[in-house]
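What follows is one structure encoded as structure tokens, with my remarks underneath.
Number of protein chains: 2
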Amino acid sequence: PPREGWKKGGRMLSVLLSVNVLLLACTLISSGAFNKVAVYDTDVFALLTAMMLLTTSWILFYLFRTSRRPDAVPYLDSHAGPIWLQGGLVLFGVCTLIMDVFKTGYYSSFFECQSAIKILHPIIQAVFVIVQTYFLWVSAKDCIHAHLDLTRCGLMFTLATNLSIWMAAVVDESVHQAHSYSGNSSHARLTSDAERAGEACPCNTTFCQIFERGYFYLYPFNIEYSLFASTIVYVMWKNVGRLIGPSHGHGHGHGHGHTPTPASLFRETFFIGPVLGLFMFVVGLGVFIIYEVQETRGIHKALVLYYSFNVVCLGLMTLVSLGGSIIYRFDQRAMDHHKNPTRTVDVALLMGAALGQYAISYYSIVAVVVRTPRDLMGGLNLAYSLLMIAQHTFQNVFIIESLHRGPPAIQGNPPNEPVHGLTYANQDALQTLPACPPTPRLVGSTPAEPQEAVSIFPAPQRNWRSKCLKDISLFLLLCNVILWIMPAFGARPHFNNNLELDFYGYSLWAAIVNICLPFGIFYRMHAVSSLLEVYVLS
Amino acid sequence: PPREGWKKGGRMLSVLLSVNVLLLACTLISSGAFNKVAVYDTDVFALLTAMMLLTTSWILFYLFRTSRRPDAVPYLDSHAGPIWLQGGLVLFGVCTLIMDVFKTGYYSSFFECQSAIKILHPIIQAVFVIVQTYFLWVSAKDCIHAHLDLTRCGLMFTLATNLSIWMAAVVDESVHQAHSYSGNSSHARLTSDAERAGEACPCNTTFCQIFERGYFYLYPFNIEYSLFASTIVYVMWKNVGRLIGPSHGHGHGHGHGHTPTPASLFRETFFIGPVLGLFMFVVGLGVFIIYEVQETRGIHKALVLYYSFNVVCLGLMTLVSLGGSIIYRFDQRAMDHHKNPTRTVDVALLMGAALGQYAISYYSIVAVVVRTPRDLMGGLNLAYSLLMIAQHTFQNVFIIESLHRGPPAIQGNPPNEPVHGLTYANQDALQTLPACPPTPRLVGSTPAEPQEAVSIFPAPQRNWRSKCLKDISLFLLLCNVILWIMPAFGARPHFNNNLELDFYGYSLWAAIVNICLPFGIFYRMHAVSSLLEVYVLS
Chain A
1 PPREGWKKGG RMLSVLLSVN VLLLACTLIS SGAFNKVAVY DTDVFALLTA
51 MMLLTTSWIL FYLFRTSRRP DAVPYLDSHA GPIWLQGGLV LFGVCTLIMD
101 VFKTGYYSSF FECQSAIKIL HPIIQAVFVI VQTYFLWVSA KDCIHAHLDL
151 TRCGLMFTLA TNLSIWMAAV VDESVHQAHS YSGNSSHARL TSDAERAGEA
201 CPCNTTFCQI FERGYFYLYP FNIEYSLFAS TIVYVMWKNV GRLIGPSHGH
251 GHGHGHGHTP TPASLFRETF FIGPVLGLFM FVVGLGVFII YEVQETRGIH
301 KALVLYYSFN VVCLGLMTLV SLGGSIIYRF DQRAMDHHKN PTRTVDVALL
351 MGAALGQYAI SYYSIVAVVV RTPRDLMGGL NLAYSLLMIA QHTFQNVFII
401 ESLHRGPPAI QGNPPNEPVH GLTYANQDAL QTLPACPPTP RLVGSTPAEP
451 QEAVSIFPAP QRNWRSKCLK DISLFLLLCN VILWIMPAFG ARPHFNNNLE
501 LDFYGYSLWA AIVNICLPFG IFYRMHAVSS LLEVYVLS
Chain B
1 PPREGWKKGG RMLSVLLSVN VLLLACTLIS SGAFNKVAVY DTDVFALLTA
51 MMLLTTSWIL FYLFRTSRRP DAVPYLDSHA GPIWLQGGLV LFGVCTLIMD
101 VFKTGYYSSF FECQSAIKIL HPIIQAVFVI VQTYFLWVSA KDCIHAHLDL
151 TRCGLMFTLA TNLSIWMAAV VDESVHQAHS YSGNSSHARL TSDAERAGEA
201 CPCNTTFCQI FERGYFYLYP FNIEYSLFAS TIVYVMWKNV GRLIGPSHGH
251 GHGHGHGHTP TPASLFRETF FIGPVLGLFM FVVGLGVFII YEVQETRGIH
301 KALVLYYSFN VVCLGLMTLV SLGGSIIYRF DQRAMDHHKN PTRTVDVALL
351 MGAALGQYAI SYYSIVAVVV RTPRDLMGGL NLAYSLLMIA QHTFQNVFII
401 ESLHRGPPAI QGNPPNEPVH GLTYANQDAL QTLPACPPTP RLVGSTPAEP
451 QEAVSIFPAP QRNWRSKCLK DISLFLLLCN VILWIMPAFG ARPHFNNNLE
501 LDFYGYSLWA AIVNICLPFG IFYRMHAVSS LLEVYVLS
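These protein sequence lines are chains A and B, in that order. The first sequence: position 505 = 505 (the working numbering), numbered continuously. The second sequence: position 97 = 97 (the working numbering), numbered continuously.
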């Protein structure tokens, strides 16, 4: 396909479209969440339903068109849509479907006093989720070269739809949470629409209550689904009209194909990382259950337990990430300089999503430091916040450095294997040659650079480092999973310890936590998928 | 200088540093602005003073070091720090210095009951502004190749300092404004610290009141200064460790050297743009003065006048931008695909800063559309908001397309001029040749591509288009200046028309406007400097 005249122009138009759609949705959603305002949640539902219908029809149009024109997708980006992202998408998609069933059931329970759009919305959402998941499963790797501007606009509109659904879910969850906190404190400003409607038709039947409870527990999955889909769609948008050289397609791809199996786990790690990680996971789960049970009485003890576990866990994670970065100081693998939109997005998301937890931590620190009575809870909170910042920083440094290392040299090659196997060890050196000769050469005949020598000869040492890195990544992965579970399923020490709540007042503190915590939760999810990639690449 | 091992690593560290510093400052500043909280503005001043001292010493260290090592800066980026950005920086720097004098005077008036940091702060700020302006004037174009990581961290810290000063100024202005609105409405939540302190030592003397009034009028300049400095520092940071090919240094630079003079104005435009623009400017200034005078009584009439002028002005600007984009559809100049961090930042700032005005407009639209009683004011407000969105969109499209066009072909060359003059017309074609021969060739001997033929032969038509574009850019420039002056010097129809205020409530609407409007004001400034560049490049 011919080179595009001005790529940025098409991109600009599609970004403008999505920004406008997104701002309109954002305005309606935030207006709908405030009580005084004459915007009802039905308006929001109507907008979201319309957007999902439009997106679904564009996706169907796209799938139909590309199936008839095989030349529309001349290249595939091997980095895009790795298997765990796709797997996560399907998993969260299934959970979203279950949530939609619950939601339909909940709103059907009092059909007579709800508008039809509230029942239509989850049904359309289910259709949208199915179509979009199929689309992303099939086309995540496409570098599309047909109808460039239309495709860009379609993808950006899909992105805007997913982000709008995400915003609506986050706002809805915050409203629900504010509602549940208004029981024991008089701070609550936000009143859920469900409650307002509930005055006319109460949700009394057992089914209705099960449906309501179920769909609020499944919200986190819907939130993650939207963010996962947004990531994949963004990478697809970046790949529209991209030209990939033939040599570029594989190379990194080799690492991706290799999925961890139980057998390889025994062979490739020292086994300390997964065991310690599983231990932390089980202990964390116990602490979380105690915290949730004790929330009504004995909250102080539960909080001390919760904070203590987190301090220990975060401290260990910080040390382990630091250890990983130190190991890299002795690692002579070349850095991978190739263009890779997926990795760029990954890194940006890790850095960006960490901002949420950073902000919460800094607000906590200021509150604890400035407050005059200093007690155990304040000390624990301070340690927790400081370690949270340190852990995010060092984990990000470790993950980002890992993602930029080239894949390891293949060990134990017989010395008269062709140069092909060496491509991974010293890709850069080969690329700086005027033209890579495709004729097989012996390893011994390549110019003896020190870097190469290191990565070939002391195999046991290299292997030791690789094992260590795999241990580290598995430990961090399991810890991130437990630190994801806690906030995603409702642990809110931020509101229970009353420290920041008294200092900033309910409305400010609730705004800070409710805006920033979803990013913090997404960070954990994303760190898990990145650490899985680190494990595979090490 | 040798190529850096892993550029992204150094960048990541410096970004992490600046993000943490910035979040800490943000936490303190936002806590300080809220009444209940035990964080005082002295804490904020202390933090800002410490940051400015650190930045100043780093800058002095940098200047000292580069003056002794001439090999530290092997390349200059000719796109970085164009003359109007530098000029604007100096202008706003001088205004900031005057503001600092006023501020020192103001706080000295009641020296006995203020802490010393409040007087120290403007003095340190003056030193900081002088040192930083000199530094940016001298080194804006540097591509630094010494102590890469330290320089990156230093530049990012400078950026964080400027953004913190910007945040503090915006918050301070909002607090002051909320205070001045609390007189005629009971909505105000925020109380200015000045008022709190004022209860003990009132600002009664004439001098003190002049100082107070003066420094609040000079705030917009301080805000713009910080943003201008941030832009330049960001480009310097992007340029650290950058390698520039020798052919890349000039080329675009030619266009930059050419500054508009009154004589060239007569020669190069149809003279309609500047005349119409000046007319709008004068009318706008009159409307603004009437609006400011009538604010106390007859506010309704003043608002109708203000909105009517804005609707006409924005409508004209939208049409003119659209016309410019249409002219480009007939313009066969090649797009400039070269890497240019300054332009990338410019485009990102234009798109990003427009978000502020977009958000305000969408909130206005929702309020007007949903509200039941529909009157003249609502209609005007709706037209104003819709046109604001259209104008920002089309102006951005026009400016961004202009910035990506290559400089025009030099007209009227004698046909046996060397190929050098043609470089501008068809740089891409030359660069795709295996090696650009430096030997002079005749224009007639180059392969006759259609694109080239168009840009050389029909000189009058080309000239007509160029004139038209120059007219358009001057008209838009003058309109942007008047649309900058109005909000920057205190016109707040958002609070006077009571439409959105009643709809959203004071706290929400004030938060939206106070967060978004500074971006809108910055957008106007930035559009002016971009349009000047468009004028020169056309």
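C-beta: ideal position from N, C-alpha, C; glycine also. For clarity, every value in this text was computed on a predicted model and none was experimentally measured.
Any C-beta of chain B under 8 Å from that of residue i
i	result
A:Leu16	yes
A:Gly323	no
A:Thr560	Only positions 1 to 538 of chain A appear in the structure, and residue 560 of chain A is not among them; the question remains open.
A:Gly9	yes
A:Met12	yes
A:Tyr358	yes
A:Ala160	no
A:Ser78	no
A:Met335	yes
Given residue i as reference, the closest of the options once Cα atoms are compared
i	options	result
B:Ser174	B:Tyr535, B:Leu517, B:Ser529 and B:Val534	B:Leu517
B:Gly10	B:Asp100, B:Gly154, B:Ile521 and B:Leu387	B:Gly154
A:Glu401	A:Gln391, A:Asp331, A:Ala354 and A:Phe522	A:Asp331
B:Phe135	B:Tyr62, B:Cys479, B:Cys95 and B:Gln114	B:Tyr62
A:Gln132	A:Leu53, A:Cys26 and A:Ala527	A:Leu53
B:Thr318	B:Pro82, B:Ser507, B:Asp100 and B:Asn396	B:Asn396
B:Arg465	B:Phe394, B:Ile124, B:Thr269 and B:Cys26	B:Thr269
A:Arg297	A:Asn239, A:Glu224, A:Glu112 and A:Asn496	A:Asn496
A:Lys467	A:Leu355, A:Met351 and A:Tyr328	A:Tyr328
B:Leu276	B:Cys479, B:Pro122, B:Ser164 and B:Phe157	B:Cys479
A:Val19	B:Ala359, B:Val534 and B:Cys26	B:Ala359
B:Thr344	B:Leu316, B:Ile389, B:Val235 and B:Phe281	B:Val235
B:Gly286	B:Ala302, B:Thr96 and B:Gly273	B:Ala302
Range of the contiguous alpha helix (DSSP H) that encloses residue i
i	result
B:Ser308	Ile299 to Arg329
B:Gly356	Pro341 to Val370
A:Gly32	Lys7 to Ala33
B:Arg213	Thr206 to Tyr217
B:Ser78	Looking at the DSSP string, B:Ser78 is not in any alpha helix (DSSP H), and its letter there is neither H nor E.
A:Met51	Asp41 to Arg68
A:Ser385	Leu376 to His404
B:Phe489	Note, B:Phe489: premise wrong, no alpha helix (DSSP H); not H, not E.
A:Met525	Tyr506 to Leu537
Spatial distance of residue i from residue j (CA atoms)
i	j	result
B:Trp6	A:Tyr219	40 Å
B:Glu417	B:His337	The predicted position of B:Glu417 is uncertain, since its pLDDT is 38 and thus under 50; no value can be drawn from it.
A:Met525	A:Val366	28 Å
A:Leu148	A:Leu13	11 Å
B:Gln357	A:Asn162	23 Å
B:Ile490	A:Tyr363	In the sequence as presented, Ile is not what sits at residue 490 of chain B; that position holds Gly. Each residue's alpha carbon lies about 32 Å from the other.
B:Ser473	B:Arg374	37 Å
B:Val101	B:Pro122	7 Å
A:Lys238	A:Pro74	15 Å
A:Leu537	A:His404	10 Å
A:Pro493	A:Met388	14 Å
A:Val127	A:Ile59	12 Å
A:Val15	A:Gly323	41 Å
Min CB distance residue i to chain A below 8 Å
i	result
B:Phe34	yes
B:Met52	no
B:Tyr363	yes
B:Val19	yes
B:Ile289	no
* To do: May I ask you to verify whether the region 205-213 of chain A touches the region 105-120 of chain A, counting CB pairs closer than 8 Å and requiring at least 3?
  => yes
* Asked: Taking one C-beta from the region 369-382 of chain A and one from the region 300-319 of chain A each time, how about it: are there three or more such pairs within less than 8 Å?
  -> yes
* State whether the region 21-38 of chain A contacts the region 504-518 of chain B, with contact taken as three or more CB pairs (one from each stretch) at a distance under 8 Å. => yes
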